[in-house]
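So the sequences go chain by chain: A and B. According to the numbering used here, numbering within the first sequence proceeds without interruption in unit steps and concludes at 495. According to the numbering used here, numbering within the second sequence proceeds without interruption in unit steps and concludes at 511. Below you'll find the structure, written out as C-alpha cells, and then a few comments.
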Amino acid sequence: MGRSSILWEDEAHTSVLIPTKTSTDLLYDDLINYIARDLSERSRSWFYCLCCSISEAKFRQEVYKDLADPYVNKIIHKFVGKFDTVKRLVNLYEKSFYVHEKARIKVDAALSYCKALIELCHDLTSSKIASRGFRRFYGYLSDYTNSSAFTDMHSEAAAIVNKLTDIEYSLAINGNKIRVDTKPHGQDLSQALAIQFKPLADIEVDLPMATEIRTKGYFDHIQAQVIHNLAKLYPDTFGPLAQFDKKYTEFIDPVIESFVQEVHFYLAFMRFADELKNKGAYFCFPKFCQQWSEENVQDAYDLILASKMCENFEEVVANSWDLSAKCKAIVITGANQGGKTTFARSFALTHLLACLGLPVPCKKATIAFVDNIYTHFRGEEHLEADMGMLEAELVALKETLQSVSGKSLVILNEPFSNTQSYNAVWLSEKVMEKLMATGCLSIWVTFIDELARLPYVLSMITEISNNDIGTPTFRIIYGQPSIISNAIAIAQQHRISYKDIVDLLAK
Amino acid sequence: MNWPSLLYCIDAKTNYYQCENWADLFKDLNLHILFESMAQNNPYIMEVLSKVFTYICVDRETIYYRQSVLKDCIAHREILNELYNTVTNALKTEQNHYWLVLSHSPYSAAHGTAGVLNEMLEYLVTLRNISAKAYDLFESQGFKALFAAVMRDCNPQYIKSLQKLLRAVTNDKNVVIAAKLGPGNQGINYTAVYIPTRDTNMLYHVLNTLKHAHFTFTLAERDEAGARILRDIEDTAYSKAASTLSMIKQEIYKSLEQLRQELAFYLGCTNLYDVLQKLGVYVCFPSISGATSYYHICGVYDPCLAIANNGRVVGNDLDLHTAKVVLITGRNGGGKTTFLRSIGVAQLMMQIGMFVCARQFEGPIWTGIFTHFPRLEDTQLKHGRLSKELASIRAIVEKVRGPSLFLLNESFQSTNDREGSAIAAQLIRALHDVGMGVVYVTFLSELLSEAIKSSNLFYVMNTMIDEYENPTYTIKPVEKLYFQNASHIFNRVFG
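Structure, rendered in C-alpha cells:
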C-alpha cells in the first residue's frame, strides 16, 4: 500500500504517537475534534502520529502544496464527493435483500466508481502536480484505469444502466389489483389542469416536485412485485443485470480507498487553515533544522486562541523567538494573565504541526525537528504543601524524563506551584539540571525568577504596555524578570500607586 | 383571473403610504367608534378596515376613483349586498371539504381540492350573472371594469369544460400512474397521467389495451403495509397535480378574497353613511385643494362624537388661503380637542377615498397624518416627563416620509410656560418651514402672544362663548387674545 501512499514516503514507515497527556494539556484534542470532525477514525489517527524523519515531513509538505493549488483542490474535492457516494451505495447494497434492487445498486455504484476514477485520472493529467506523492499515485491510477478488468466493468455497467433508465412504465391501481404496463399515452395531469385553467388562474407549474416516494431509502415488497413484473416485460435488460451482480463482488481497489482516507487528512487541515486565513490569519511551511540553536520563528500565534476569536484576528498576539544563543531552556515569568501559557502552547503546537508535515501558524519558521513533545501542566487542585501531591507530581516528571531525548521538547507549566517557594526553587533547579542533561529543550512557565538567571537559560517576560496603568500586551519578549515593575503595574491598575495617592492628597 | 381593483385605479400609480403611527392615530382620533359603526358587528369588515385605513392615498386619481365607486354603492345597496354574499359564499366552499383538503395525503388533497373547485365554479357563474345585470346600472369606472372582467373570465361554456376535467379527477377514471426506474431500481418520476376518453372510438381504445402484454398482480388480503405503500405511490404521483390544483384554487381565492375585501370596505362605508343619515347629520364628498386655496372647510364635525352624542354636534369652519400654523386656544370644555379631531378624521377619511363629515371640505393631500396627544397617564411621572415627551416627538418626526399633517394636542405642557413655549416655537416653526401642516391646541401664553403678532405665519383661533359665558363649541379666528388674570383668583381666595 505504501507504494502509492501520499502520506508515507516509505512502505516500511515508522511513526511516533504523541503522548495522551501532551494532546490534552496543549488543548490539541479540542483542536483536532474540530478539524477532524467529519473524518474516519483512521484519517483522524494520523493527526496523532508524528513523522519520524525530516524527509517524511517534506514529502507531506509537497503533497500539501499540490493540494493547495486551486485546480487540484477542486478536482480532488469533486472526486472525494463522488467516492463518498459510491461508499454509501456499497453500504446500501449490504443492507438490501431484494435481488433486483441489490443488483441495480451494485451496477449504479460500479458505474459511479468508474466514472469518478476516469474523471480524476483525466483531471490529474492536465494538472500541475509536482509532489512525489501525487506523481506516484497518478502513475498507479492511470495503470489501473487502463487495465482491462477496469474497462470491462465500466462498459458493462454503463450498458445496463442505460437500458434500465430508458424503461418507462405505467401502474393502474384499481382496488387491490395493480396492473403493470408499458408507457402510457396521455398528458401529465398537472399540466392538463394548468393549461385548461389558464384563462381563470394563470399559475406557474414548473416547480420542482418530489416524485420519489416519501418512504424512500428501502425497497419494499410492492416495488419488488412491480420490478418482478417489469423483468418479465423487459427480459433483455434484467438478464444482464443479474449476471453483473454475480460477476463483480468487490470492485473498489484498496489503494484507491486508502488514497481517499489520506487525502481527507490534508483536506481537513486545509479547510481549517482556510477558515482562519479568511479572517486574516497566515500560515507558512517551516524549514527544518537539526540543532535547537538554528531555530528561528517569526510571528507565531496560538491556533486555539485564533480559532476562538472568530472575527478579530487583529487582536491575536504573535510572538517570535530565536534560539541562536544556544540555550537549553526558556523560562517565562511575568504578570498573571499575561500570555505566558498561551506562548508555551503555541510554541509546542508549532513544533507538533511541523512534524506532521503540515503548515505552521507563523510568518516564517526554521524549526528543529523533534522526536516528541512532553508536557507537565499543573493540575487544578490547590492543596497547600500536600506532600502526597508533590510526590505524584515528581513521579510524573520522572516518567517523562525517562522518555525524553536530546530531540524532545518539554513544556512545564507552573511546576511545583503548590509547594512552598523555597522547596519549589530547589526542586525546579534539580529538575532543570536533569532536563539539561538529556539535551532536550524545555520551556518553563513559572513564578520562580531564580530559574531565569541560571546558565543556558533564555529568560522571557510578559510585556507591559507604556500607558499609566500598565496593562499587559500579551506579548512575550526577551528580558529579565522584574518583580518590582510588576507590582507598580498592578498598583496603577487599582489607582493606589505613589503618584495616584500624592495627586489625590496634595490638594 | 386578474380582476381590476375597486380600491386602486389602473391609470394612477398605486400611490399610498403606510401609516406607521396607526396605533396612535386610532387611539387619539377615537376611531374605534367610527369602525364599530362601519362594521356593524361584522368582524370581517372590521379586519378589512384596519387594513385599508393604514394605507392612505396620496394621489387625487385614486381618491376620486374610490369616491365614484362609493357613490355607486350608496345608490345600489342591494346589488352590493348580493355581490358581497356571493363572493363570501364562494370563499366558504372549502369549509365543506376541509377534511379532504387538510389531509396530508396529496392523493386525497387532489380529490378534495377538485371538489372544492367544482363547487366554487358554480359561484363564479352566479357572479357572472350579477355582473351582466348590474353593468348598465353602475356608473363608476371601477365597477364597470370589474363587471367586464368577470363576464370575460366566467363564460358559462368554459366553466362547464373545467368542471368536466375536475370530475375526471374526482372519479379516478381517466388517470393512470406513469413511472421510470431510478437508482437502486426504485420507482421514480411517479406522475399522474390524464388519458382523455375517446368517446368516438371506444373500439380503438379496447384494441389498444389488448394489443400488448401487461401483467397484473393482486395485493394479498390484509396486507396493510402493502396498501400503505400503494397509497404512498399514489400520493407521490398526485403530488404535482395536488399542488397544481391547490395553486389554481389559491389563485382564484386570491382574486375572490381581494374582491371580498374591497366590497367589505365599501359595505363599511355605506353602513356609516346609513348611520349618519339616521342621526340626521350631513356628509359631503371632499375635493382636493388646488394651488390657490389651502383649506376651505365648512361645518366640519367629529363623526365619532356625533355617533356617541346621538347626532348633537356643532360644525366649525376653517379657511386658510396659504399654509399657516393653526393655533387653537381657549378655555377647557370649549371644543378645542373636538375641533382638532374633526379635522384629523375628515382629512383621514378624505385620503381613504370616503365622504367626510362636513358641509364642504377642500384640503390638500398629505403623506402622513401624525397626532401627538400627550397621554394623561404620564402626569404621575413628573420627573423626566419632559424628556419623555421630547423623545416621543422625536420618534414621531423620525417616521415622517413626506409633507404631513401634525395634530398636536397640548404638547409641551409638561414644563413651565416659558420653556414649553420656546421648545414649541422651534418645533412648529421648523415643521412649517419644511412644508408640514400643523394644527396645535395649546395654552402656552408666550407662544400665543408671539403668534398673534405674526399673522403671516400663524393662524390663531379661540373658543367662543355666548352672552351667559357658556361655551358655544364654535372656534373662530381671533386677532387679539385676552389671557386670564390670576389676580382675581387670588382675591377670591384671600379676599
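Backbone N, C-alpha and C define an ideal beta-carbon position, used for all residues, glycine too. Computed from a predicted model, the values in this text were never measured in an experiment.
For Phe386 of chain B, which three-state DSSP category applies? Residue state for Phe386 of chain B is assigned as strand, using DSSP reduced to three classes.
For Cys37 of chain A, three-class secondary structure by DSSP: In the structure shown, Cys37 of chain A adopts extended strand secondary structure according to DSSP, grouped into three states.
Since Glu89 of chain A meets chain B, which of its residues come closer than 7 Å, beta carbon to beta carbon? Gly200, Asn201, listed in chain order.
Leaving out five residues on either side along the sequence, give the residues of the same chain with a beta carbon under 7 Å from the beta carbon of Pro319 of chain B. The residues are Leu50, Leu292, Val361, Cys373.
For the segment 252 to 263 of chain B, which residues have a CB atom closer than 9 Å to at least one CB atom of chain A, in sequence order? Correct list: Thr252, Ala253, Tyr254, Ser255, Lys256, Ala257, Ala258, Ser259, Thr260, Leu261, Met263.
Shorter than 8 Å from the beta carbon of Thr216 of chain B to some beta carbon of chain A? At Thr216 of chain B the pLDDT is 48, less than 50, meaning the model places this residue with poor confidence; the figure from the coordinates comes in the next sentence. The beta-carbon of Thr216 of chain B is placed no less than 8 Å from the nearest beta-carbon of chain A.
Sequence-distant residues of the same chain with beta carbon closer than 6 Å to Val78 of chain A, five excluded per side: Ala97, listed in sequence order.
Pairwise C-alpha distance: Lys415 of chain B and Leu497 of chain B: Taking the CA atoms as reference points, Leu497 of chain B sits about 35 Å from Lys415 of chain B.
May I ask you to report which of helix, strand or coil DSSP gives Val455 of chain B? It is a strand residue.
Nearest-angstrom Cα separation, counted from Ala324 of chain B out to Ala55 of chain B: So the two alpha carbons sit approximately 16 Å from each other.
Cβ distance (whole Å) where Arg48 of chain A is taken to contact Gly345 of chain A below 8 Å: Indeed, because the Cβ distance is near 3 Å, the residues count as touching under 8 Å.
Check whether chain B comes within 8 Å of Ile240 of chain A, counting only Cβ atoms and requiring the distance to be less than that. Residue-level contact check: Ile240 of chain A does not touch chain B, since none of the beta carbons of chain B fall below 8 Å from its beta carbon.
Which whole-angstrom value describes the C-beta separation of Tyr86 of chain A and Phe207 of chain A, a residue pair presumed to lie in contact below a C-beta threshold of 8 Å? Yes, they are in contact, since the Cβ atoms of Tyr86 of chain A and Phe207 of chain A sit about 5 Å apart, within 8 Å.
CB of Gly327 of chain A within 8 Å of CB of Pro460 of chain A, strictly: Yes, these two residues count as a Cβ contact at 8 Å.
State yes or no: is the C-beta of Val304 of chain A within less than 8 Å of the C-beta of Met297 of chain A? Taking 8 Å as the Cβ cut-off, Val304 of chain A and Met297 of chain A qualify as a contacting pair.
For a contact meaning CB atoms closer than 9 Å, what does Met136 of chain B contact in chain A? Under the 9 Å cutoff, chain A gives no residues; its nearest Cβ is about 10 Å from Met136 of chain B.
Given this structure, state the Cα-to-Cα distance separating Gly451 of chain B from Gly350 of chain B, to the nearest angstrom. Distance between the alpha carbons of Gly451 of chain B and Gly350 of chain B is about 29 Å.
Between Glu89 of chain A and Gly131 of chain B, how many whole angstroms is the CB-CB distance? I'm expecting something under 8 Å. In this structure Glu89 of chain A does not touch Gly131 of chain B by the C-beta definition: roughly 38 Å separates them, more than the 8 Å allowed.
Anyone know if the C-beta pair for Ser430 of chain A and Ala269 of chain A falls short of 8 Å? Contact: no.
Is the CB-CB distance between Ser305 of chain B and Glu378 of chain B below 8 Å? Going by C-beta atoms, Ser305 of chain B is nearer than 8 Å to Glu378 of chain B.
Nonlocal neighbours in the same chain, by C-beta distance under 7 Å from Asp88 of chain B, ignoring five residues either side: For Asp88 of chain B, where only same-chain residues beyond five positions count, the Cβ hits under 7 Å are Phe154, Glu155, Ser156, Phe159.
As an exercise, report each continuous alpha helix (DSSP H) stretch of at least 4 residues that is fully enclosed by the segment 62 to 142 of chain A, in chain order. Taking only runs of at least 4 residues, the alpha helix (DSSP H) segments lying wholly in the segment 62 to 142 of chain A are 87 to 113, 120 to 134.
Reduced DSSP category for Asp13 of chain A - H, G, I as helix; E, B as strand; rest coil: Asp13 of chain A carries a helical assignment under DSSP once its states are collapsed to helix, strand and coil.
Going by DSSP, which residues form a beta bridge with Tyr157 of chain A? DSSP lists A:Thr170, B:Ala195 as partners of Tyr157 of chain A.
Are the CB atoms of Leu424 of chain B and Thr14 of chain B within a distance shorter than 8 Å? Only positions 17 to 511 of chain B appear in this structure, which leaves residue 14 of chain B out of reach.
Please confirm whether Tyr139 of chain B and Pro187 of chain A have their CB atoms less than 8 Å apart. Pro187 of chain A sits away from Tyr139 of chain B, with the two beta carbons spaced by 8 Å or more.
Simplified DSSP state of Val398 of chain A, which is helix, strand or coil: Looking at Val398 of chain A - three-state DSSP - the assignment turns out to be strand.
Would you mind telling me which residues of chain B sit closer than 9 Å to Ile148 of chain A, beta carbon to beta carbon, in chain order? For Ile148 of chain A, there are no neighbours in chain B by C-beta distance under 9 Å, as the nearest C-beta there is about 11 Å away.
Looking only at its own chain, which residues have a Cβ that is under 8 Å from the Cβ of Arg32 of chain A, when we skip the five neighbours before and after it? These residues qualify, in order along the chain: Ile20, Ala24.
So is Thr133 of chain A buried or exposed if we call it buried at 16+ other beta carbons inside 10 Å? Around the beta carbon of Thr133 of chain A, 16 or more other beta carbons lie within 10 angstroms, which makes this residue buried.
Near Cys272 of chain A, which residues of its chain fall below 7 Å by C-beta distance, leaving aside the five closest residues on each side in sequence? Shown here for Cys272 of chain A: same chain residues with a beta carbon closer than 7 Å to its own, the five before and five after excluded, namely Pro347, Val348, Cys350, Lys351, Lys352, Ala353 in chain order.
Rounded to whole angstroms, what is the Cα-Cα separation between Leu334 of chain B and Cys25 of chain B? Looking at the backbone, the Cα of Leu334 of chain B and that of Cys25 of chain B are separated by about 31 Å.
Just the C-alpha distance for Ser130 of chain A and Cys109 of chain A, rounded to the nearest angstrom, thanks. Ser130 of chain A and Cys109 of chain A: Cα-Cα distance of roughly 6 Å.
Collapsed DSSP secondary structure at Cys314 of chain B in the structure displayed: Residue state, collapsed to three classes: strand.
Assess, as a yes-or-no matter, whether the segment 44 to 59 of chain A is touched by the segment -7 to 13 of chain A under the definition of 3 or more beta carbon pairs within less than 8 Å. In this structure the segment -7 to 13 of chain A lies against the segment 44 to 59 of chain A, because at least three pairs of beta carbons, one per stretch, are closer than 8 Å.
Members of the segment 142 to 173 of chain A near chain B, C-beta cut-off 8 Å: Here the close residues are Leu152, Thr153, Ile155, Glu156, Tyr157, Ser158, Leu159, Ala160, Ile161, Asn164, Lys165, Ile166, Arg167, Val168, Asp169, Thr170, Lys171, Pro172, His173.
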